[in-house]
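Structure first, commentary second.
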Amino acid sequence: MSIKDTIDKLVETIHRHDHAYHVLDKPLISDIEYDAMLEKLRQLEAQYPDYVRTDSPTQRLAGKVLEGFKKVEHAIPMLSLGNAFDADSLYDFDRRVRKIVTEVDYVVEPKVDGLAASLLYDEGRLIRAATRGNGTVGEDITHNAVTIRSIPLRVKTQERFEVRGEIFMAKQAFLALNARRQAQGEERFKNPRNAAAGTMRQLDSRVARERELDMIVYSRAESDAEATWTHLETLDWLTKQGFKTSEAVACASIEAVIEAVNHIANSRAEHPYDIDGAVIKVNDRTLYETIGYTAKSPRWAIAYKFQAEEVPTHLHDIHFQVGRTGQITPVAVLEPVEVQGSTVSRATLHNEDYIRQKDIRIGDDVIIRKAGDIIPEVVAVIADSRTIQAPFEMISHCPACQSLLKRHEGEVGLYCLNPDCPAKHIELLIHFASRKAMNIEGLGQRIIELFFNEGYLKTIEDIYTLHTHRDRLIEQAGFGVRSIDKLLDAIEQSKQNSVELLLFGFGIRHVGEKVAKVLAMHFDSMFAMMDCGVEDYEALPEIGPKIAQSLTAFFADTANRERIERLEALGVNMTYKGIRPKKGAYAGKVFVLTGRLNRLTRDEAAALIEQAGGKVTGSVSSKTDVLIAGEEAGSKLEKARKLGVDIWDEAHFEAVFNPLEA
Ligand code: IVH
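Residue numbers for the sequence shown follow the numbering used here, so the first one is -19 and each next one is one higher.
Here it is, written out as structure tokens:
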């Protein structure tokens, strides 16, 4: 064989192995064999530079430093997508599409969270890669794109064509990169998307070469008038050309679309790369021209965005927390990461069963999530990141008082049943003084632990006799007169709180802020509440049997009754002081709820309306008096506007019906 033929053959073979490994994820040979082949090609090319091909796999290793980025104009603009956040908006999307074309089926794909890029091929070779930029003009990133092994440098077809897709960094590659950066004293990337974007922005392609990037393509750029294929056919064609294409599911109806979207949402944490939603597209490309575009996005596609951000990080350790009910919660100690605007270093692991089901082990790389205000949780282990970690073991004794832990029948959690367990008392005190309960500023975890250990504070009542220790507290190291007086003032003030804060502060099982408020509004005073039967609680629409049982048990306990009496004697308010919607103020008025409410569930909102005499119905009509529109409200909002129905947002609704928070 001639030298040229040998080179050609090596180029061919290495490309085949790149494809098998990086696109199909099915290597055909060992890394050692692969490296040897690549090395041989490198040597031959060095000896015979005339035979170096522009599509040689050694290009991926070349390393090129640019002076600056060249601009690339996109012949067909790179648009973005409209967003949907709930099923309602997907129905709306379907209705809009069907107004224009009657027969339609859809394709659902994961929405990869990376950066959009375009690849241009001609005569079988990759000739240019570009970022999206502002959609019309992007930047030439060919030097970085060629380092990405899943991007074919050569394709079968000789025709000129452009593909589009998402460049991203897999979760595992991201964590490995951050670990390396940390070891070298470099700043860590916030998330895989930033890592991918930061890498592609480099003028020196050696940076990208060292980092494991990947690309999934999801479309071919061609004018709609020319299109003859369906979207699925396009993806098939792209797969045959050697690209890694998006995993697409065909859906014959919008119901099937919603099912496919839910499936993606449920498997999200297990995906090797970040997905931040799903993309829904009309399958038949020949309809795109007819369905058309808004100024910024196509009308034939929509992005369904997941609410909660999921972030990969490292699980350093598992601690155990004793709650105020004695329940033991395993808590993940994490490498700190930013999730939805705040730094998270601890997350709940719920209970033993949860950890076992997901087989979470100390030393694993994990995915964490935080939805809205909710406590962060560990949702999954990143597959294959494990080396030698031992299976998780649950503790058998209370970490605070060493007593043997027990399970309540039919419950998953373990409990410390020792009534004198210090951790339980401390947790109750922390909860009682916390912002959402009695809101005693200055009485946080640190001070409570200190006072508890020094013997000033054992029970809730002790908070209200703390002033008798004023002089001794001042003598204690670290406490100035001013800070003690400020704290005692805050305690004094808390006596005036409306009773639902006290009730919530008691930490009764199943009695959260909202339930406490409902009870306080209804019964008016702690004493009225105390002398009720289960039926009286259950008569309230918001109170189910579990809550009612729990309340009855709490108030039946003489220790609790005595505590309430002592607190009253100490001057703590026992009545409801909030405003309440006038009974009957909304009698006979018809309300409709739509969109996402952030602070209430729909059931809670409906309960408040009904309490004021209003009625809640499902759809907007001329009989509707008020539409309560949460975020991302869809067609109901449009209809209410058309009909001139009164429209309230969540804040307005709360001001009218739920005024205590204000
Ligand atoms: S289709 C007209 N499919 O999401 C735009 N986009 O705003 C067609 N993305 O900029 C885009 N995964 O970068 C499409 N499977 C997928 C996608 C996807 C991620 C990104 C893309 C686009 C953004 C939508």
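Quick reminder that beta carbons are idealized off the backbone N, C-alpha and C, glycines included.
Can you grab the Cα-Cα spacing for the pair residue 421 / residue 331, in whole Å?
-> Those two C-alpha atoms are separated by around 31 Å.
Residue 647 - partner residues in DSSP beta bridges = Lying before the first or after the last residue shown, residue 647 is absent from the chain, which here runs from -19 to 642.
Every unbroken alpha helix (DSSP H) inside the segment 61 to 138 [4 residues or more] = 67 to 80, 122 to 125
Who are the Cβ neighbours of residue 21 in its own chain at under 8 Å, not counting the five residues just before and after it?
-> -13, -10, -9, -6, 36, 37, 38
Could you tell me whether the Cβ atoms of residue 183 and residue 45 are closer together than 8 Å?
-> yes
Proximity test, residue 290 beta-carbon vs the ligand IVH heavy atom, cut-off 7 Å | No, Cβ of residue 290 sits at least 7 Å from all heavy atoms of the ligand IVH.
Looking at the structure shown, is residue 640 part of a helix, part of a strand, or coil, going by DSSP?
-> Residue confidence for residue 640 is low, a pLDDT of 46 falling below 50, so the modelled location carries little weight; the figure read from the coordinates is stated next. The answer is helix: DSSP assigns residue 640 an H, G or I state.
For residue 278, which of helix, strand or coil comes out of DSSP?
-> strand
Identify, in the order they occur along the chain, each residue of the same chain with its Cβ nearer than 7 Å to the Cβ of residue 100, setting aside the five sequence neighbours on each side.
-> 107, 108, 142
Going by beta carbon distance, what residues of the same chain come within less than 7 Å of residue 371, once the five residues before and after it are set aside?
-> 341
Should residue 92 be counted as a contact of the ligand IVH given a C-beta to heavy atom distance under 7 Å?
-> yes
Using DSSP with H/G/I as helix, E/B as strand and the rest coil, what is residue 31?
-> helix
Can you tell me the Cα-Cα spacing of residue -16 and residue 175, whole angstroms?
-> 39 Å
Return yes when at least one heavy atom of the ligand IVH lies under 7 Å from the C-beta of residue 172, else no.
-> no
Give me the Cα-Cα distance between residue 384 and residue 336, rounded to the nearest whole angstrom.
-> 21 Å
Taking C-beta to C-beta, are residue 360 and residue 346 nearer than 8 Å?
-> yes
CB-CB length for residue 87 against residue 229, believed under 8 Å | 7 Å
Closest by C-alpha distance to residue 538, when choosing among 550, 511, 554 = 511
Under the criterion of a Cβ to heavy atom distance below 7 Å, does residue 281 qualify as lining the ligand IVH?
-> yes
Helix, strand or coil: which one does DSSP assign to residue 217?
-> helix
Would you be able to state if there are at least three C-beta pairs under 8 Å between the segment 602 to 618 and the segment 56 to 72?
-> yes
Return the residue from the list 170, 160, 145, 105 that minimises the CA-CA distance to residue 139.
-> 105
Spatial neighbours of residue 170 in its chain, beta-carbon cut-off 7 Å, leaving aside the 5 residues before and after | 318
Between residue 646 and residue 485, what straight-line distance do the alpha-carbon atoms span, to the nearest angstrom?
-> Here the chain covers residues -19 to 642 and nothing more, so residue 646 does not appear.
Test item: CB-CB of residue 493 and residue 416 under 8 Å = In this structure, residue 493 places its C-beta atom within 8 Å of the C-beta atom of residue 416.
Residue environment, residue 116, which counts as buried when at least 16 other CB atoms sit within 10 Å = exposed
Across which residues does DSSP place residue 350 in a beta bridge pair?
-> Residue pairing for residue 350: DSSP places it in a beta bridge opposite 289.
Would you mind sorting residue 583 into buried or exposed? The rule is 16 or more other CB atoms within 10 Å of its CB.
-> Exposed, since its Cβ has fewer than 16 Cβ neighbours within 10 Å.
Reference residue 61, options 307, 260, 593, 379, closest by Cα = 260
Cβ-Cβ separation, residue 254 to residue 151 (assumed contact under 8 Å), whole Å = 7 Å
Have a look at residue 308 and residue 406 and give me their C-alpha separation to the nearest angstrom.
-> The alpha-carbon atoms of residue 308 and residue 406 are separated by roughly 14 Å.
Unbroken beta strand (DSSP E) run spanning residue 322, endpoints | 322 to 328
Nearest to residue 374 by alpha carbon, out of 354, 339, 136?
-> Answer by Cα proximity: 339.
Report, in whole angstroms, the separation of the C-beta atoms of residue 348 and residue 311, which I expect to be a contact under 8 Å.
-> With a Cβ gap of about 12 Å, residue 348 and residue 311 do not count as contacting.
Taking residue 474 as the reference, give the member of 137, 210, 530, 552 with the closest Cα.
-> 552
Taking 8 Å as the cut-off, decide whether the C-beta atoms of residue 270 and residue 81 are in contact.
-> yes
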